[in-house]
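Quick note on numbering: the sequence shown equals residues -20 to -1, 1 to 1080 in mature numbering (1 follows the signal peptide of the UniProt record, and there is no 0). Ideal placement from N, C-alpha and C gives every residue a C-beta, glycine not left out. In what follows, a single structure is set out as structure tokens and then discussed.
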Amino acid sequence: MYIHMYQLLVLLSLILEKESILEYFYLISYSMEYQLVPNEYGTNKHPLFFLGVKNENQMKKKNHVEHTYVEPLNEEMQDGQDESSAIFHEQLKNRIQKAVQIEDLKRYFGDTKAVDGLTLSIYESQILCLLGHNGAGKTTAISLLTGLIKKDYGQIKYYGISTDEDLDGIRSFLGICPQKDVLYNKMTVVEHLTYYGRIKGLDGQTLENQIEEVIEKCALASEKTKQASQLSGGNKRKLCLAMALIGGSKVIFLDEPTSGMDPVTRRKIWNILLQMKNEGKCLILTTHHLDEAEVLSERIAIMAKGKLLTVGSVDFVKKNFGIGYHLNIYNLKNSLEIWEDKVEKIKSLIMNQIKDARLEPQTANLCVSFSVPFDSKSSLLNIFEILENDQSIQINLLMNTLEEAFINIGMDEEAFLKKAQMNGSIQINNQFEQEVNLNDEFAKIIPPNCLKNDPVYSFALQFKACFLRKLFGMKGKRLAVQLFFSSIFCVLGPLLGSLTKSTVKPIDDEDDLKSYYLREYIISFSIYLCAFIELVMAMSISSTSIGSVPVQERQQKQKYALNVMGCRIEPYWIANFAFDSGVATILFLIYSLTTLALQVEQLNYFVVYALFFFCFLTYVALSYLLSWLFTEFLSSLKYMMLLMIFIFYMPGMICFFLVKQTIFKWTLCFLLPSVSLLSGLTAVLDLNYNPSIIEVPSFFIEYPWVFVCILIFQTLLYLALAILIDHRQLLSVNQQPIIVESKDGDVIQEAKRVQNESCQDRVIARRISKVYANGFQALKGTSFGVESGQIFGLLGPNGAGKSTTFNMITCRLKPTTGEIKLMGQLIEKGKGELFQNVGICPQFDSLFELVTVKQHLIIWAYLKGLNGTDAIQSVEYFMKVMQLDAYENVHSDKLSGGNKRKLCVALALMGGTNMQFFDEPSSGVDPIARRFLWNAIQNGVKLRNGAVILTTHTMDEAENLCSKIAIQINGQFSCLGTPQHLKQKFGDGYRVSLELEENFQSQQLISLIKQEYPMCDILEENNYKVVVQLQKQGFSFFKAFSFFLEVIQNQHKYIKDFQLNQATLESVFMYFAGQQEQIEQDELKKKKCVIACCGNDEDD
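Pasting the structure below:
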């Protein structure tokens, strides 16, 4: 709505030029409608807005519900007071300028209280992270704050200005960075910023100066002349941030600003956000990466069921909603049997020493983890003294993360809300007991027995699955649109024939037989020609719509996902043909009923009906063949009909009438369905309306059923060719790659292991390399194997070669050299029996837009050979395990990004496959759903002793799920091993994070630590926190813990709390990521029509 004044001025200038009263009326009408009529986004104004009248900010009394446990706002409160409606609220200590003041904000959707009495203050020079699970009201709250939807009650003020008074003025200093990149592919960085700067009212030198300033701030100087389509994912997010900053934005909303980024790029974005905060801007952040919230946010606000549950610092939330500490014990040297025995002894020791300790359900491989309450920290001393005597294990102690606290809240939000109501106060219970436990929730979900069996191929079930995919996706409106234009021509054919017949005058002399038959011949010829022209147009339109669907499915990688999960090529195309033949039959029935209704006797022959019906089917099959000429859905819609008309219709018709050679006509008949149809119609004409008395030569032969047979032959031929092309093998560039040998001993040992022909790993890659058509080498001779029961984590920064590796394993790309085996068989495109046992969750959401969650699961159950009770039980299980029950009837295009990912993971696990490949499966998934997702993947491995390859940018996910990890840098593995092995081998010692007491200077603390550990490094120091790194050499966990607990915390009381842990996997990743070469590709691959032998899913 920033641009409505600009639009108004443009229209006014047009009116003044043309001096049109009518246009003046249109201007007034447009302006009134734009301001008054509410739409999906934005808020409407009062009908008398031009007189300064504003909408009343009040709900009807019957809908107004007062808070039961939070005092209403006192409007006379001092501006410096930090007020909120939070049940658990940490008062802000420092007086800072308020940027946003929300007062008793409410928004109801029917009986649902989406936002219920939200009161909150947000400040300059701070980042507030607004968190909440699905349905908590977070998205609605953000939409209310930005004016995207209208509030029912309450006040929103920006720097003291209410949105009711001057929303347009407020929007001039608001910035929004949405979750998805909202960019114009053909516009450069500078053009984007110019466009949005002018929307904000900037122009001339001021605009140019701001563009340069924002480009410099967001580190886009080297990218400013590039189009958006040429930018990397990280630089696209930087451009979105720059667009939010342009125009002097003071309040900026950031929705998942680093979603899908690797840790290196995420940190670059973090630095930009921290710089923006230091410049005095107010940032409101939403994210599912709670480690991001910990690093960036001064304050956390968590919503639950429309209410504000808590507001406070990260430490405040962790201390009061967390459940204590994580004690992790890792196996370093023990065999599996010895380790299992040792785990039982460790459990006994810890449970005896700490009665309230709890075993954690989800831990890294060869690790046992316990949750320890805050007040039991001193009891750990004895445990550490005993455990440290065993040199075959490793100890870590971590304070609960913000994610743990968030999960604790989310698992039982109702309990927190009820407790606050019962207490009648806002006192915090430091040991708030979680009534709903993740362990218990996981235990309730029991997988069906059918998932323990191998998936079975059934042509009938796969045909049914592919047919249902078309049926579910073809809703009433879409089918009506597809049929509408084609049906017009189907009606026009008989209608024009009837009009032709009625307009030709009868012959006066009835005895003149030659004239009579000649008249009948001309009328019949005209009727057949009209019907032929109109129906071929109808066939061209409908077949274009039909043929563009396979192009769309290839472009959106839906076809790729189906193939890799075992969908055979034959049932896919035959099911498509069966469904699309039904659409063609509807058009044929429209034509037939029109012919019968208009009583056009020339068209009322059985052979004529047969000719038109089989020609419809031939055009359906032809559209499948032509679909291989296109790589983009929109291009196929534009140009396929042109091909139908100007290649397969008009030239053939012209040649048919002009060329006399019989052999040439026969050739055209077998090549072009339009010529076969025309030949059949002229055969009917010659047979029935061309007696020898009129002396008109025949067009061709007088056997119309021959051409019906030719049309049937063409249908089968085109369909067979489309299937044959789909069976083509992948192509790769004929260029010798450079094979680089790794220097890491673990990587070398792994390569030797898989080179041995006796290796029985489920997945084996031997010295695979990949060179693209532009000469870029993505892989340089990688070797690895994934054993049964193993989850293999493939990590690396953007551009390291992860996606290329993943695509080659899933048969989307062909290796330039090397080989890949699944279950001992070389992978090969179209090898359905091999991929029947494979599940894949690609990085993109390969879902069908108009198909619901439940329908997706049903389709995939049939693809994997499940039927009847087995299919029903599997669908119900995956909806529960992925927390999709509430969305079972929601179309996939209406799902949030996180729910789409959960559905993709469920599809990959469907059928109990024993090999699964996950590419960033938890991207955009909230923390609780992520834990359920992890549980589902781990259960899938246990059920079938499966092998899993997983790529992720979340190091916590890799550490918790993966039993073996490889970090890929510049196309080769830099290291390989278990998470603990990598941390021990490449980690940089131990880190101690210390939370300072209030008003305490850190210098005394640092001096005391330096006396005990002279070689330590200070990694972070501020008024609230100090992070110290201790050297590995000579380190004793027991002695370090004893020093920080008894000396630093208990004796000197310098700190509130601390955690002591080994270097994280993320620090190891960052060490290797620094070696990643920054490779820029200034030239995009040119989009072009590829020939059928190459296809759409491989190298251009």
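Span separating the alpha-carbon of residue i from that of residue j
i: A1072; j: K618; result: At A1072 the pLDDT is 35, less than 50, meaning the model places this residue with poor confidence; the figure from the coordinates comes in the next sentence. C-alpha separation (whole angstroms): 19 Å.
i: E813; j: R742; result: 15 Å
i: E51; j: G127; result: Model confidence at E51 stands at a pLDDT of 35, short of 50, so the residue's coordinates are unreliable and nothing is read from them.
i: V831; j: Q538; result: 13 Å
i: P243; j: I136; result: 36 Å
i: N258; j: V275; result: 14 Å
i: A577; j: P684; result: 24 Å
i: L887; j: S656; result: 45 Å
i: V688; j: F593; result: 9 Å
i: Q694; j: L648; result: 12 Å
i: I627; j: F815; result: 39 Å
i: K166; j: L219; result: 14 Å
i: F412; j: Q374; result: Bear in mind that the predicted position of F412 carries a pLDDT of just 40, short of 50, making it too unreliable to give a figure here.
i: Q1009; j: T762; result: 34 Å
i: S522; j: I566; result: 11 Å
i: Q709; j: Y540; result: 14 Å
i: G292; j: V231; result: 20 Å
i: A445; j: F828; result: 13 Å
i: A780; j: S954; result: 11 Å
i: Q532; j: E612; result: 7 Å
i: P777; j: V170; result: 27 Å
i: A199; j: K216; result: 12 Å
i: I1028; j: I425; result: 46 Å
CB of residue i within 7 Å of CB of residue j, strictly
i: L270; j: L382; result: yes
i: E975; j: K1036; result: yes
i: A66; j: I102; result: no
i: G969; j: K1005; result: no
i: T120; j: R87; result: yes
i: I82; j: L98; result: yes
i: S749; j: T796; result: yes
i: G769; j: C739; result: no
i: G878; j: V905; result: yes
i: I507; j: Q582; result: yes
i: A273; j: C109; result: yes
i: L775; j: G951; result: no
i: I947; j: Q1055; result: no
i: F1038; j: F1018; result: no
Nearest residue (CA-CA) to residue i, options the options
i: Y176; options: G155, L985, K160 and D161; result: G155
i: K944; options: K963, N950 and D336; result: K963
i: S212; options: T186, I226 and G240; result: G240
i: I389; options: F1015, D148, V297 and I507; result: V297
i: L476; options: C510, S854, L448 and V461; result: C510
i: K860; options: Q823, F897, A909 and I191; result: A909
i: L930; options: L923, F912, S902 and G951; result: S902
i: H69; options: L125, K811 and V294; result: V294
i: L793; options: N668, S561, V544 and V639; result: V544
i: N817; options: V833, I625, Q823 and T790; result: T790
i: I107; options: T267, V95 and H707; result: T267
i: K160; options: L234, V921, H172 and L111; result: L234
i: L187; options: I728, F559, T598 and M223; result: M223
i: Y629; options: G845, I76 and L515; result: L515
i: G725; options: G117, L956 and S202; result: L956
i: V348; options: S359, K322 and F354; result: K322
i: S105; options: V95, G546, G90 and I76; result: I76
Residues bridged to residue i [DSSP beta-bridge criterion]
i: S973; result: V1007 and Q1039
i: A284; result: K287
i: D666; result: Paired residues: none, contrary to the question.
Taking three-plus beta-carbon pairs below 8 Å as touching, is the region 205 to 212 in contact with the region 743 to 757? no
Count Cβ pairs between the region 850 to 865 and the region 798 to 809 that sit closer than 8 Å; are there 3 or more? no
Would you call the region 863 to 874 and the region 888 to 896 in contact, with 3 or more CB pairs under 8 Å? no
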